[in-house]
Amino acid sequence: MQNAQKCLYLQNHLIGGNNRFIFVDQITIIENYMSTNKHLIAPSVLAADFANLEKEVKMVNESEADWFHIDIMDGVFVPNISFGFPVMQAIAKHATKPLDVHLMIVDPDRYLKVCKDSGAAVITVHYEACTHLHRTLAAIKELGCKAGVALNPHTPVQLLKDVIQDIDLVCIMSVNPGFGGQKFIEHTYAKVRELRALAAGVNDSLLIEIDGGVSTANAAKLVNAGADVLVAGSFVFNAENPIQTIKSLKSISSDVQSV
Ligand code: DX5
Ligand code: ZN
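In structure tokens form, the structure reads like this:
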């Protein structure tokens, strides 16, 4: 969408007040990123101290992080329940950076509107949870959000072949979704390279996001393989100095390690 169209759309469709401007800013930030090649860092709030959520959100605001990663789980698609939209709205109230929402839920179509209204800039649904993925992606874009698809570790990237041009972001799960603090799956590097090749010439602005077990031990290798967005939960929030840890993820050099 062009900026003028976007403003008109927002005036007509979004709830008023500051939210309108925050939303425009979030989409602009994402679109600006698409024309640069620096990787993004998205701390996963799942690992934050929920009793001090405002403080944790402000820490991310003040850091070099680019997005907030918001993990919503339903206890059905994944064997865990995290938090829902009221908590996401509380995060959005204090966040000054885009909210990248990872829906680990069955039948995500039912919740796209409330997700957008709760402050989402990117909405990612699971390939395995969508019977009509093409329709779901169109619905996300119709809301004015960026459309993402997450792949479980067992799901081949080739299954996205016929829809790759319709996706803004692919989230490659580098752990089985449901919990933070799990071990990174090494096969992820091969999937990143395969996905980049699949998108080449068809969707060169596709963002590849990696979610699960990300740390400075694998970040450079992931970016070198073609990753654009690194999600990090426990590595950031369990660190003694989260701001410094985010900085270390942001400042990794992608050309120091070969894949
Ligand atoms: C797992 C979530 C992740 C999780 C990552 O299902 O999607 O976003 O928070 O946590 P770490 O970085 O601790 O593996
Ligand atoms: Zn996630």
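9 is the number of the first residue of the sequence shown in my numbering; add one for each residue after it.
Don't be surprised by glycine CBs; every beta carbon is placed ideally from N, CA and C.
Relative to ligand 2, P94 has its C-beta separated by 8 Å or more from all heavy atoms. The segment 228-247 makes no contact with the segment 112-121; the number of CB pairs closer than 8 Å stays below 3. For the 9 Å CB-CB criterion, A50 and D108 form a contact. Separation of the CB atoms of V239 and I218 is rounded to 7 Å, and the pair is thereby assigned contact status at 8 Å. Between ligand 1 and the CB of P185, the shortest heavy atom gap is smaller than 8 Å.
E72 carries a coil assignment under DSSP once its states are collapsed to helix, strand and coil.
Residue range P250 to K258 is occupied by the alpha helix (DSSP H) that includes T253, with no beta strand (DSSP E) assigned at that position.
Going by beta carbons, V130 and C153 fall inside the 9 Å limit. Look at F58: its beta carbon is at least 8 Å from all of the heavy atoms in ligand 1.
When DSSP states are grouped into helix, strand and coil, A59 belongs to the helix group.
If you keep only unbroken beta strand (DSSP E) runs of at least 3 residues inside the segment 141-170, you get 154-159. V239 has its Cβ nearer than 8 Å to a heavy atom of ligand 2. E194 carries a coil assignment under DSSP once its states are collapsed to helix, strand and coil. Counting along the chain, D125 sits inside the alpha helix (DSSP H) bounded by residues L120 to D125. Relative to the non-hydrogen atoms of ligand 2, the Cβ of L177 never comes closer than 8 Å to any of them. The C-beta separation of L206 from V244 comes to about 30 Å, leaving the pair out of contact by the 8 Å criterion.
Here P185 has V86 and M112 as same chain residues with Cβ atoms under 6 Å from its own Cβ, once five neighbours each way along the sequence are excluded. In this structure, the C-beta of G209 stays at least 8 Å away from each heavy atom of ligand 2. Here DSSP, grouped into helix, strand and coil, assigns H77 to strand. Contact annotation: H140 and D174 have beta-carbon atoms that are not nearer than 9 Å. When the alpha-carbon of D57 is set against those of A247, K101 and S259, the nearest one is in A247.
Residue nearest to V84 within the set N232, V114, A235 and I180 is V114 (criterion: CA-CA distance). Between V210 and C179, the gap from beta carbon to beta carbon reaches 9 Å or more. Here the distance from the Cβ of D79 to the nearest heavy atom of ligand 2 is below 8 Å.
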